[in-house]
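What follows is a set of notes on a single structure, which appears directly below.
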Ligand SMILES: [Fe+2]
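Residue numbers (our numbering): 1 to 404.
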């Protein structure tokens, strides 16, 4: 029987973002000297103090020292960086002449390494480049080394910066990495809570990009591979950070999910998380995690088939289940995973006051339309309020089982 192409796969798509080269596997970070030398001998390393204190920057610099490569370490990246922080990175990139930028850390560090790369070669202020492809000249060659398994920044061309607490993004093809080194050994010291939060950020990238209006056959295939690896690896990595097998699955899952949403998009869930971070500075991955099951449920009728597939990749036996029931099982499986890694299911558990809901809904629809336009189901202000109310209460139909 001929199968119809799902409507959200219609049209012509472009596959653009992925590092030119991906080096991966345990101890792959040792390749950094060889990779750097292809571009030159003067390196700017962009990182933060936490990553440095965890001994992860020295894993890079030890190799560079042994290879006789000159480097300067900028360790001033802040968590979820703002414009001021991005400007200080830009300044550092212009103070000396570099051949290559190496980002080492979580999403914030990698995003700031992208800023360093393009600001070293382009004039003006960081603020001029928010938006799509406004960076004029190629940046310095960029090498990205993630130390969390979440943001997927190593596989995207975006850099997220807070401006007056609103998350804005620079998208530029000059911020695609020449090389990403995905080494699970660089993630072993991540504490359990950060493992859980960043892992759920990766899962939200995979699932949201699959549900997106811009989903396509390549992005959704990458995403489902990511979902499978996360369902196999996240709890184990949370329980035992030294489990290299679990860490390896999570590291690759995060990169694949990044490549997925870079070629599709994230949707409502990231909008909800950004609104929470705008008003209450809720950490990005935590906000994405709490939002995820509600976003799946909100879009369930529009994406039954895709959610059934996701349930399968989350390890659910969907054989014999009707489609809607199977889709609801995907929501349940995500909730089960959140419980396994001890993350909250509701906004009340993280201390968000209920009376903030109208303001949160207003921020979502006024500041983050760019995420809502790709959501399969329309979201207006009233919808946004209802979604936040459900998130506050922890109310999920799929858990009650009453609506089949
Ligand atoms: Fe994210």
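By construction, the Cβ of each residue, glycine as well, lies at the ideal position given by its N, Cα and C atoms.
Host alpha helix (DSSP H) of residue i (start-end)
| i | result |
| --- | --- |
| residue 72 | Here residue 72 belongs to no alpha helix (DSSP H); instead the beta strand (DSSP E) covers 70-74. |
| residue 312 | 304-313 |
| residue 388 | 381-393 |
| residue 197 | 192-211 |
| residue 258 | 244-262 |
| residue 51 | 49-53 |
| residue 107 | 107-119 |
| residue 297 | 284-298 |
| residue 224 | 217-239 |
| residue 358 | 357-367 |
| residue 155 | Segment: none, residue 155 is in no alpha helix (DSSP H) and carries neither H nor E. |
| residue 63 | 56-66 |
| residue 397 | 397-400 |
Nearest residue (CA-CA) to residue i, options the options
| i | options | result |
| --- | --- | --- |
| residue 123 | 137, 219, 28, 365 | 137 |
| residue 86 | 33, 14, 163, 106 | 163 |
| residue 74 | 65, 64, 93 | 93 |
| residue 14 | 353, 381, 55, 215 | 215 |
| residue 273 | 69, 335, 294, 223 | 294 |
| residue 452 | 135, 266, 354, 69 | Examination of residue 452 is not possible in this model, given that the chain is present from 1 through 404 alone. |
| residue 451 | 323, 382, 229, 279 | Nothing can be reported for residue 451, as the shown portion of the chain is limited to 1 through 404. |
| residue 256 | 37, 323, 224 | 224 |
| residue 191 | 355, 350, 115, 242 | 242 |
| residue 414 | 126, 128, 177, 12 | Because the chain is modelled from 1 through 404, residue 414 falls outside the range shown and cannot be assessed. |
| residue 80 | 290, 309, 286 | 286 |
| residue 84 | 125, 98, 60 | 125 |
| residue 226 | 201, 254, 200 | 254 |
| residue 148 | 238, 360, 354 | 238 |
| residue 150 | 380, 96, 196 | 196 |
| residue 280 | 265, 383, 166, 261 | 166 |
| residue 374 | 288, 267, 387 | 267 |
| residue 90 | 271, 334, 121 | 121 |
| residue 161 | 198, 111, 248 | 111 |
| residue 99 | 133, 139, 393, 9 | 139 |
| residue 156 | 19, 246, 352, 6 | 19 |
| residue 143 | 180, 8, 278 | 180 |
| residue 246 | 259, 258, 231, 260 | 231 |
| residue 172 | 201, 219, 302, 114 | 114 |
| residue 406 | 128, 189, 188, 222 | For the chain, the structure presents residues 1 to 404; residue 406 sits outside this window and is missing. |
| residue 117 | 132, 78, 107, 159 | 159 |
| residue 263 | 77, 12, 6 | 12 |
| residue 194 | 217, 250, 219, 220 | 250 |
| residue 44 | 70, 24, 22, 27 | 70 |
| residue 8 | 154, 359, 119, 265 | 265 |
| residue 56 | 106, 359, 5 | 106 |
Boundaries of the beta strand (DSSP E) in which residue i is found, first to last residue
| i | result |
| --- | --- |
| residue 170 | 166-171 |
| residue 159 | 158-163 |
| residue 180 | 179-182 |
| residue 280 | Counting along the chain, residue 280 falls outside any beta strand (DSSP E), though it belongs to the alpha helix (DSSP H) covering 268-280. |
| residue 94 | That residue, residue 94, is in no beta strand (DSSP E); its alpha helix (DSSP H) goes 83-95. |
| residue 146 | 142-146 |
| residue 337 | Careful: residue 337 lies outside any beta strand (DSSP E), inside the alpha helix (DSSP H) at 323-340. |
| residue 44 | 42-46 |
CB-CB length for residue i against residue j, believed under 8 Å
| i | j | result |
| --- | --- | --- |
| residue 348 | residue 298 | Not confirmed; about 19 Å, so no contact. |
| residue 208 | residue 269 | 5 Å |
| residue 332 | residue 234 | The pair is not a contact, with the Cβ atoms about 16 Å apart (cut-off 8 Å). |
| residue 204 | residue 292 | 5 Å |
| residue 170 | residue 103 | At roughly 14 Å, the Cβ-Cβ gap does not stay under 8 Å, so residue 170 and residue 103 are not in contact. |
| residue 312 | residue 304 | 13 Å between Cβ atoms; not a contact. |
| residue 365 | residue 372 | 7 Å |
| residue 101 | residue 46 | 6 Å |
| residue 184 | residue 244 | 6 Å |
| residue 65 | residue 32 | Not really, about 11 Å apart at Cβ, beyond 8 Å. |
| residue 361 | residue 384 | 4 Å |
| residue 387 | residue 278 | No, residue 387 and residue 278 are not in contact; Cβ-Cβ is about 16 Å, not under 8 Å. |
| residue 200 | residue 288 | 6 Å |
| residue 54 | residue 189 | 5 Å |
Residue ranges of each beta strand (DSSP E) within the region 5-36, 3 or longer: 21-24
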